[in-house]
Amino acid sequence: MVDLKMLEEKTPILKEICSEKEVFWKNPDKSACGEAMEQIELGMEDVEDAERRLERFAPFIMKCFPETKERNGIIESVLTPVPKMKDLLNEKYDSNLEGNLLLKQDSHLAIAGSIKARGGIYEVLKHTEELALAYGILKEGDSYEKLLEYRDFFAEYKVQVGSTGNLGMSIGIMSAALGYQAIVHMSADAKEWKKKLLRARGVTVKEYADDYGRAVIEGRKLSDADPKSYFVDDEHSKDLFLGYAVAGERLKKQMEEQAEQTVQAQLKNSVQTALMDKIEVEKYPEDTVN
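The sequence shown stops at residue 298 when you use this note's numbering, and every number in between is there.
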């Protein structure tokens, strides 16, 4: 378990936080934006490549998870206006928010039901594509729906991850659907219902009395010892990041669509108001003042 006293000695501000005091913390490792950007290895072309990969897998996802049919196999969440929340924030906190307040509902993402469905599922799919291409299962132009015929092949391989729940859900569910031996190493604070759901999907759940860090260490150790095992590293994976990053352009498109809908609604209201005024004038011309 976590040694809180040791953590407080290393980071004194934690003692104030535990005492429920208001604190201000500045990241000592924070660097200037320009300096940080120079260190970034990934670019927009990598995000676009990830998007294309997800589109290639869409037929497989739609076939395997019928709940994704509405979006043609693309795992995406809705953008919902929440005007009452905006009113509450303005009233309670004097926020003076203008325009439309929108809620991005990644809590309702298909398959795994959390934002982790983005990165976790993407990394499993990329690993699967690399394996399938290497062994001649897939070639350019193939429908990825055919992967359903190769579950026995993928059953020879393992996919493992350390998780408190949400990442393990996305990786475990997708890996099992493809046929992998899916193993999720879970810490003591993982929810019981998540463990039960994973086991019901054919995922092996290994439980640890220690914290998340121990689950990751043990999971990585076991995976590294098996040449046919792939470990998803939540802390250092570029593929996880790219899976999350595709949401940016999709959100931009959704916001543009929302803006267009708002403009159309305003235009419709303006036309209706103008027509009603015209009708009133024609009906009661004597009330019109020039």
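Ideal placement from N, C-alpha and C gives every residue a C-beta, glycine not left out.
Check your understanding: What span of residues does the beta strand (DSSP E) with F239 cover, start to end?
Key -> For the purposes of this step, residue 239 is identified with residue 231 of the sequence shown, where counting begins at 1. From DSSP, the beta strand (DSSP E) with F239 extends over 237 to 240.
Point to revise | Nearest-angstrom Cβ-Cβ length linking I48 and I69, presumed shorter than 8 angstroms | key: Sequence index remark: in the sequence shown, residue 48 carries index 40 (1-based). Sequence index remark: in the sequence shown, residue 69 carries index 61 (1-based). Wrong, their Cβ atoms sit about 29 angstroms apart, outside the cutoff.
Exercise for review: Identify which residue in S151, S183, L155, L175 has its Cα closest to the Cα of Y165.
Suggested key: As a working note, residue 165 is residue 157 in the sequence shown. Across the set S151, S183, L155, L175, the C-alpha of S183 shows the shortest separation from the C-alpha of Y165.
Practice item. Buried or exposed for F32, please, with buried defined as at least 16 other CB atoms from any protein chain shown within 10 angstroms of its CB. Key: Position 24 of the sequence shown holds residue 32. Exposed is the label assigned to F32, since fewer than 16 other Cβ atoms lie within 10 Å of its Cβ.
Check your understanding: Do you know how far the Cα of M45 is from the Cα of K112?
Key -> By 1-based counting over the sequence shown, the position of residue 112 is 104. By 1-based counting over the sequence shown, the position of residue 45 is 37. Using only the alpha carbons, I get a separation of about 27 angstroms.
Point to revise | Other residues of its chain near G128: CB distance less than 6 angstroms, five sequence neighbours each side excluded | key: Counting from one through the sequence shown, the residue named residue 128 turns up at place 120. Around G128: L175, S178, I179.
Point to revise | Residues bridged to I191 (per DSSP) | key: Locating residue 191 in the sequence shown gives position 183, counting from the first residue. Listed as beta-bridge partners of I191 by DSSP are Q168, T212.
**Study point:** Residue from A255, T172, K124, E28 whose Cα sits closest to the Cα of V213
**Key:** Translated into positions along the sequence shown, residue 213 becomes position 205. Relative to the Cα of V213, the nearest Cα in the group A255, T172, K124, E28 belongs to T172.
Practice item. Please confirm if I145 has its CB atom under 8 angstroms from at least one CB of chain C. Key: Among the chains in the structure shown there is no chain C, since it carries only a single protein chain.
**Study point:** Proximity below 8 angstroms, CB of L109 to CB of K124
**Key:** What you label residue 109 is simply residue 101 of the sequence shown in a count that begins at 1. What you label residue 124 is simply residue 116 of the sequence shown in a count that begins at 1. The answer is no: Cβ separation not under 8 angstroms.
Check your understanding: On the premise that R222 lies in contact with S195, defined as a C-beta separation below 8 angstroms, what is that separation, rounded to the nearest angstrom?
Key -> The residue given as residue 195 occupies position 187 in the sequence shown. The residue given as residue 222 occupies position 214 in the sequence shown. In this structure, S195 and R222 form a Cβ contact; the two beta carbons are roughly 7 angstroms apart against a cut-off of 8 angstroms.
Practice item. Could you tell me the boundaries of the alpha helix (DSSP H) in which L186 lies? Key: Residue numbering aside, residue 186 sits at position 178 when the sequence shown is read from its first letter. From DSSP, the alpha helix (DSSP H) with L186 extends over 174 to 186.
Point to revise | L230 beta carbon less than 8 angstroms from that of Y130 | key: Residue 130 sits at position 122 when you count from the first residue of the sequence shown. Residue 230 sits at position 222 when you count from the first residue of the sequence shown. Between Y130 and L230, the C-beta gap is not smaller than 8 angstroms, which leaves the two residues out of contact.
Practice item. Answer yes if the region 141 to 158 comes into contact with the region 195 to 212, meaning at least three C-beta pairs across the two stretches below 8 angstroms, and no otherwise. Key: Verdict: no, contact absent.
Point to revise | Span of the alpha helix (DSSP H), counted from its first residue to its last, around P91 | key: Residue mapping note: residue 91 aligns to position 83 of the sequence shown, counting from 1. If you look at P91, you'll find it in the alpha helix (DSSP H) that goes 91 to 101.
Review point. Is the beta carbon of E58 sitting closer than 8 angstroms to the one on G256?
Key: On the sequence shown, residue 58 is found 50 positions in, with the first residue counted as 1. On the sequence shown, residue 256 is found 248 positions in, with the first residue counted as 1. The question names Glu, yet the displayed sequence has Ala at residue 58. Taking 8 angstroms as the Cβ cut-off, A58 and G256 do not qualify as a contacting pair.
Check your understanding: Do the CB positions of Y238 and H135 come within less than 8 angstroms of each other?
Key -> In the sequence shown, counting from the first residue as 1, residue 238 sits at position 230. In the sequence shown, counting from the first residue as 1, residue 135 sits at position 127. The answer is yes: Cβ separation under 8 angstroms.
Practice item. Helix, strand or coil for T110, going by three-state DSSP, please let me know. Key: Locating residue 110 in the sequence shown gives position 102, counting from the first residue. Checking the sequence, you will find Leu at residue 110 rather than Thr. Strand.
Point to revise | Per DSSP, cross-strand counterpart(s) of L87 | key: Looking up residue 87 in the sequence shown gives position 79. BP columns for L87 point to K112.
Practice item. Give the DSSP-derived three-state secondary structure of A58 in the structure shown. Key: For the purposes of this step, residue 58 is taken as residue 50 along the sequence shown, with counting starting at 1. Three-state result, A58: helix.
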